Every structure is written in structure tokens, then in C-alpha cells.
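Colleague: Heads up, the sequence shown is in our numbering, so the first residue is 223 and it goes up one at a time.
By construction, the Cβ of each residue, glycine as well, lies at the ideal position given by its N, Cα and C atoms.
Here the structure is a predicted model, which means the values were calculated and not measured.
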Amino acid sequence: MFRELLTIKNYKLFIVNMMLIGMGIAITVPFFVLFATNQLGMTTNQFGLLLALAAISQFTMNSIVARFSDTHAINRKVIIIVGLFMGAISFTLPFFVHSVVLFIILYAIFQGLFAPAMPQLYASARESINQSTSSSRAVFANSVLRSMFSFGFLFGPLVGNILNQSWGYSGLFGGTVAIILTTLLLQVFFFKDIKAKKPVRDSIMTEQDAPSMLKHRYLIVPFIAFVLLHIGQWMYTLNMPLFVTQYLHEEEKYVGHLASLCAGLEVPFMIILGMVASKVETRTLLAIAAVCGSLFFGSIGIFESIHMMLVGQVLLAAFLAVLLGIGISYFQDVLPQYPGYASTLFANAMVIGQLLGN
Numbered sequence: 223m224f225r226e227l228l229t230i231k232n233y234k235l236f237i238v239n240m241m242l243i244g245m246g247i248a249i250t251v252p253f254f255v256l257f258a259t260n261q262l263g264m265t266t267n268q269f270g271l272l273l274a275l276a277a278i279s280q281f282t283m284n285s286i287v288a289r290f291s292d293t294h295a296i297n298r299k300v301i302i303i304v305g306l307f308m309g310a311i312s313f314t315l316p317f318f319v320h321s322v323v324l325f326i327i328l329y330a331i332f333q334g335l336f337a338p339a340m341p342q343l344y345a346s347a348r349e350s351i352n353q354s355t356s357s358s359r360a361v362f363a364n365s366v367l368r369s370m371f372s373f374g375f376l377f378g379p380l381v382g383n384i385l386n387q388s389w390g391y392s393g394l395f396g397g398t399v400a401i402i403l404t405t406l407l408l409q410v411f412f413f414k415d416i417k418a419k420k421p422v423r424d425s426i427m428t429e430q431d432a433p434s435m436l437k438h439r440y441l442i443v444p445f446i447a448f449v450l451l452h453i454g455q456w457m458y459t460l461n462m463p464l465f466v467t468q469y470l471h472e473e474e475k476y477v478g479h480l481a482s483l484c485a486g487l488e489v490p491f492m493i494i495l496g497m498v499a500s501k502v503e504t505r506t507l508l509a510i511a512a513v514c515g516s517l518f519f520g521s522i523g524i525f526e527s528i529h530m531m532l533v534g535q536v537l538l539a540a541f542l543a544v545l546l547g548i549g550i551s552y553f554q555d556v557l558p559q560y561p562g563y564a565s566t567l568f569a570n571a572m573v574i575g576q577l578l579g580n
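1) Any idea what DSSP makes of residue 335, helix, strand or coil?
2) Counting along the chain, where does the alpha helix (DSSP H) carrying residue 549 start and finish?
3) Taking residue 575 and residue 453 to be in contact with their CB atoms under 8 angstroms, please state how far apart those CB atoms are, rounded to whole angstroms.
4) Looking only at C-alpha atoms, which of 523, 486, 520 and 286 sits nearest to residue 539?
5) Whether or not the region 240–250 and the region 402–411 are in contact is what I'm after, with contact meaning three or more pairs of Cβ atoms, one per stretch, closer than 8 angstroms; do they touch?
6) Can you tell me whether residue 284 is helix, strand or coil according to DSSP?
7) Grab the span of the alpha helix (DSSP H) containing residue 579 for me, first residue to last.
8) Consult DSSP for residue 232 and reduce its assignment to one of helix, strand or coil.
9) Which class does residue 413 belong to by DSSP, given the choice of helix, strand or coil?
10) With distance defined between alpha-carbon atoms, name the residue in 410, 451 and 499 nearest to residue 514.
11) Nearest by alpha-carbon distance to residue 394: which of 261, 362 and 334 is it?
12) Check whether chain B comes within 9 angstroms of residue 396, counting only Cβ atoms and requiring the distance to be less than that.
13) Which residues bound the alpha helix (DSSP H) around residue 478?
14) Distance check for residue 330 and residue 268, CA to CA, integer angstroms please.
15) Please tell me whether residue 516 and residue 344 are closer than 9 angstroms, where the distance is taken between their beta carbons.
16) Give the range of the alpha helix (DSSP H) segment to which residue 504 is assigned.
17) Assign residue 561 to buried or exposed, taking buried as 16 or more other Cβ atoms, counted over all protein chains shown, within 10 Å of its Cβ.
18) What separation, rounded to the nearest whole angstrom, lies between the Cα atoms of residue 328 and residue 322?
19) Tell me which residues share the same chain as residue 325 and place their Cβ nearer than 7 angstroms to its Cβ, disregarding the 5 neighbours each side in the sequence.
20) Classify residue 264 as helix, strand or coil using the three-state DSSP reduction.
21) Only counting the same chain, and skipping five residues up and downstream in sequence, which positions put a Cβ closer than 7 angstroms to that of residue 492?
22) Would you tell me roughly how many angstroms separate the C-alpha atoms of residue 296 and residue 289, rounded to the nearest one?
23) Using C-beta distances below 7 angstroms, list every residue in its chain close to residue 445, excluding the 5 sequence neighbours before and after it, in chain order.
24) Kindly list the residues whose CB is nearer than 8 angstroms to the CB of residue 303, restricted to its own chain and excluding five residues on each side of it in sequence; keep chain order.
25) Among 335, 388 and 462, which residue has its Cα nearest to the Cα of residue 252?
26) Tell me where the alpha helix (DSSP H) around residue 462 begins and ends.
27) Can you look up residue 386 in the DSSP assignment and give me helix, strand or coil?
28) Return the Cβ separation of residue 354 and residue 298 in integer angstroms, given the expectation that the two are a contact with Cβ distance under 8 angstroms.
29) Hey, would you say residue 525 sits closer than 9 angstroms to residue 541, going by beta carbons?
30) Considering only residues of the same chain and omitting the five flanking positions on each side of residue 280, which have a CB-CB separation below 7 angstroms?
This is the structure we're talking about:
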């Protein structure tokens, strides 16, 4: 089954790029709050403001790009390349911006411009998949792509630990910039254009053709469900580093260990999920994921132990595998004619979850 996926146009490139993006982001994400509070001198409230503004910026840019990417003659390759370049710039800010206020403003802007890269990459992949395989294979193909992102996330914190110990925070952000730029170059030189059949419409038809989420129950209900699940995910993701280092008084290395272990466990879960997703209702899978997530988050408050957190990564990985692996496929199956809009609905559910979780 996996060999069949490799015959899909650009699929090998999508696999590599997903892994690189996952690794690049994972190098800094577990340590970002520690850099902001310990190195840059932010208060926890200022860091919360930083993430809130970044989330709003990401939501805004995703919504704008999504409305036009499916209904106008806009090259997804260009959107992805520009987004990756903006992302690289956002991770260079720690090298030359030392004012807290200026850092917050610039980071929010460039992260917003970076945001469309991921959903457009998924949308581009879905267009290739639609031309090459059946809908059942599409679920598996998307799950494999998301598992490659997690596979990159597996090694990211380990690489981040090495860079942090060798060159400090400069090594962390430098490593992320280098990997994002590598992804950009691969996209420039190896991406083959996809001749997707999509008519060019004017702006009047755009709103009419792309269904409004607020007017359709089949969109708004799952969207709210994903937002609620993402709130739980981001409350943990954003606060875990400080919880480990300041509340449990453990070493920073455990932050990397937790992130790597969870990402590593996600990979087999997502591959299995891709195989069974066509046989089990999405609602059932989401309910199981919610139970797993609740058990894990509850265990943190009950045991207050780093070792139990390590054991609990099995539950967290199962929760995230369903949440992140099924989400994009679900919306893309509901809106097959609008892969960019569908991918962005999922991305915005994550962004709103991040904002509210923060």
C-alpha cells in the first residue's frame, strides 16, 4: 500500500518536506517559552500575548489565502515558498530583536505570513492524491504525511537538545532557519506543477461557491469539536516546559524527552489510523481520542511526576494521532472541491484552539 503512494506525483517531495518542517519546528517549540522568559525577559503574561497575537495573525492569513487559493488561478507552489521564507524570517528574530514589544509585534506578523504554508502544502498534496488514487487511499496518504511530520518532530527535540547544549538558543533558532530554508529550496527545484481542474472565478462567485462555515451545520459542528480538542492539546503544549522546569523542578532535557517520545509514538498510531479510518466512523475515533486525552491530562494533576508523564505519552500520542491525523482528511472529504479551504478550516481550528488554550 505504501509503495502505491510513492507513485503519486510529488508525494516523495511532500514526505521529505513534511518531515523537515516537523523537525525544524520541533527544534525550537519545546524551548521557545524558556527562551522568551529566561533569555528575552518576557513575563508569562507577555508570552501569552505573543502567542495570542500570533494565533490571530495566523487565523487571519489562513482565512484570506484559503478563500482565494481554490477559486482563483493562484499557484500553491508560490504560496508555500513565500510562506516558508516568512517562517524562516520569524525564527531569525531572536538574533537581532531584543526589545520585548518589538519582538512580539514582528513575530506575530511573520508567523501569520508563515501560517498558510502548511495547509497549502496539504492542499497541494490532496490535489496530487485525488488525481492518482481513491478516497480510501487518500485518508491513508494524508495520515502518512502527518506521520512524517511527527517523525520529524521525533528527532527535532533531540537535535534541539544537542544544539542548545553546544550553542545555546542561537543554535536552536539557527537550526530551525536552516531546515526551513532547505525545505524552501526543495520546493523550488523539485516540485512539479499539478494540473488541477479548477475554474477561475471572480470575487463575486468566491463567497457563493466556497460554503460558509457559519451557515452549514456539517461544517460548524465538527469545527467546534476540533477547536475544543485543540484547546486541551495547546494548554498542555504551551505550559508543559514551564510545568516541568518550574513546578516539578526537573531539568530542561526532560522537555525534549517528552516531546520526542510523544512524536515517536504518534508515528505508528497514525499509520494504523490511516488503515482503519475508512472502516471506523470519524465520530467514534474522535470520542476515543477525547477519552485518551482526558485520561492523560488528568494523570498530570493526580501524580505530579515526570516519570508518570513519560508513561502517559502513550495516551497523549493516541489522542494527537486521531486529532491531527483525521482532521485534515475529514474536512477535505467533506469539501473535495476546495482542498485549500478544507485544509485551512482544520488549520484555523488549531489556531483558535491555541488562542483559547493560551
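Modeller: On the basis of the coordinates in this document:
1) As a first step, residue 335 must be located in the sequence shown, where it is residue number 113. If DSSP states are grouped into helix, strand and coil, residue 335 belongs with the helices.
2) Counting from 1 along the sequence shown, the entry for residue 549 is found at position 327. Unbroken alpha helix (DSSP H) run through residue 549: 535–556.
3) Taking the first residue of the sequence shown as 1, we reach residue 575 at position 353. Taking the first residue of the sequence shown as 1, we reach residue 453 at position 231. Their Cβ separation, rounded to whole angstroms, is 5 angstroms, which keeps residue 575 and residue 453 in contact under 8 angstroms.
4) Within the sequence shown, numbered from 1, the residue matching residue 539 stands at position 317. Of the residues 523, 486, 520 and 286, the one whose Cα lies closest to the Cα of residue 539 is 486.
5) Cβ pair count under 8 angstroms is three or more, so yes.
6) As a working note, residue 284 is residue 62 in the sequence shown. For residue 284, the secondary structure class from DSSP, reduced to helix, strand or coil, is helix.
7) In the sequence shown, residue 579 corresponds to position 357, counting from 1. Counting along the chain, the alpha helix (DSSP H) containing residue 579 begins and ends at 561–579.
8) In the sequence shown, residue 232 corresponds to position 10, counting from 1. The three-state secondary structure of residue 232, taken from DSSP, is coil.
9) Here residue 413 is taken as the residue at index 191 of the sequence shown, counted from 1. It is coil, neither helix nor strand.
10) The residue labelled residue 514 in the question sits at position 292 within the sequence shown. That would be 451, whose Cα lies nearest to the Cα of residue 514.
11) Here residue 394 is taken as the residue at index 172 of the sequence shown, counted from 1. Looking at the Cα atoms, 261 is the closest of the given residues.
12) Protein chain content of the structure displayed is limited to a single chain, and chain B is not contained in it.
13) Taking the sequence shown and counting its residues from 1, one reaches residue 478 at position 256. Start and end: 475–498.
14) Working through the sequence shown from its first residue, we reach residue 268 at position 46. Working through the sequence shown from its first residue, we reach residue 330 at position 108. Distance between the alpha carbons of residue 268 and residue 330: 13 angstroms.
15) As a first step, residue 516 is located in the sequence shown; it is residue number 294 there, counting from the start. As a first step, residue 344 is located in the sequence shown; it is residue number 122 there, counting from the start. A distance of 9 angstroms or more separates the beta carbons of residue 516 and residue 344.
16) If you number the sequence shown from 1, residue 504 lands on position 282. In the DSSP assignment, residue 504 falls within the unbroken alpha helix (DSSP H) covering 504–525.
17) Translated into the one-based positions of the sequence shown, residue 561 becomes position 339. Buried, by the Cβ-count rule.
18) The residue you call residue 328 lines up with position 106 of the sequence shown. The residue you call residue 322 lines up with position 100 of the sequence shown. Rounded to whole angstroms, the separation of the alpha carbons of residue 322 and residue 328 is 10 angstroms.
19) Taking the sequence shown and counting its residues from 1, one reaches residue 325 at position 103. 262, 315 and 319, listed in sequence order.
20) In the sequence shown, the residue the question calls residue 264 occupies position 42. Coil, per DSSP.
21) Counting from 1 along the sequence shown, the entry for residue 492 is found at position 270. These residues qualify, in order along the chain: 365, 368, 369, 372, 543 and 547.
22) The residue given as residue 296 occupies position 74 in the sequence shown. The residue given as residue 289 occupies position 67 in the sequence shown. As the crow flies, the alpha-carbon of residue 296 is around 11 angstroms from that of residue 289.
23) In the sequence shown, the residue the question calls residue 445 occupies position 223. Excluding residues within five positions, the ones whose Cβ falls inside 7 angstroms are 435, 567 and 571.
24) Position 81 of the sequence shown, counting from 1, holds the residue named residue 303. Within the same chain, and ignoring the five residues on either side of residue 303 in sequence, the residues whose Cβ sits closer than 8 angstroms to its Cβ are 406, 409 and 410.
25) Against the sequence shown, residue 252 aligns to sequence position 30. Checked all of 335, 388 and 462; the closest Cα to residue 252 is 462.
26) On the sequence shown, position 240 is the one that residue 462 refers to. Per DSSP, residue 462 is one residue of the alpha helix (DSSP H) stretching across 439–464.
27) Locating residue 386 in the sequence shown gives position 164, where the first residue counts as 1. Per DSSP, reduced to three states, the secondary structure at residue 386 is helical.
28) Indexing the sequence shown from 1 puts residue 354 at position 132. Indexing the sequence shown from 1 puts residue 298 at position 76. Contact flag wrong, Cβ pair sits at about 17 angstroms.
29) In the sequence shown, the residue the question calls residue 525 occupies position 303. In the sequence shown, the residue the question calls residue 541 occupies position 319. Their beta carbons are not under 9 angstroms apart, which means residue 525 does not touch residue 541 by this criterion.
30) The residue you call residue 280 lines up with position 58 of the sequence shown. Cβ within range, chain order: 333, 334, 337 and 573.
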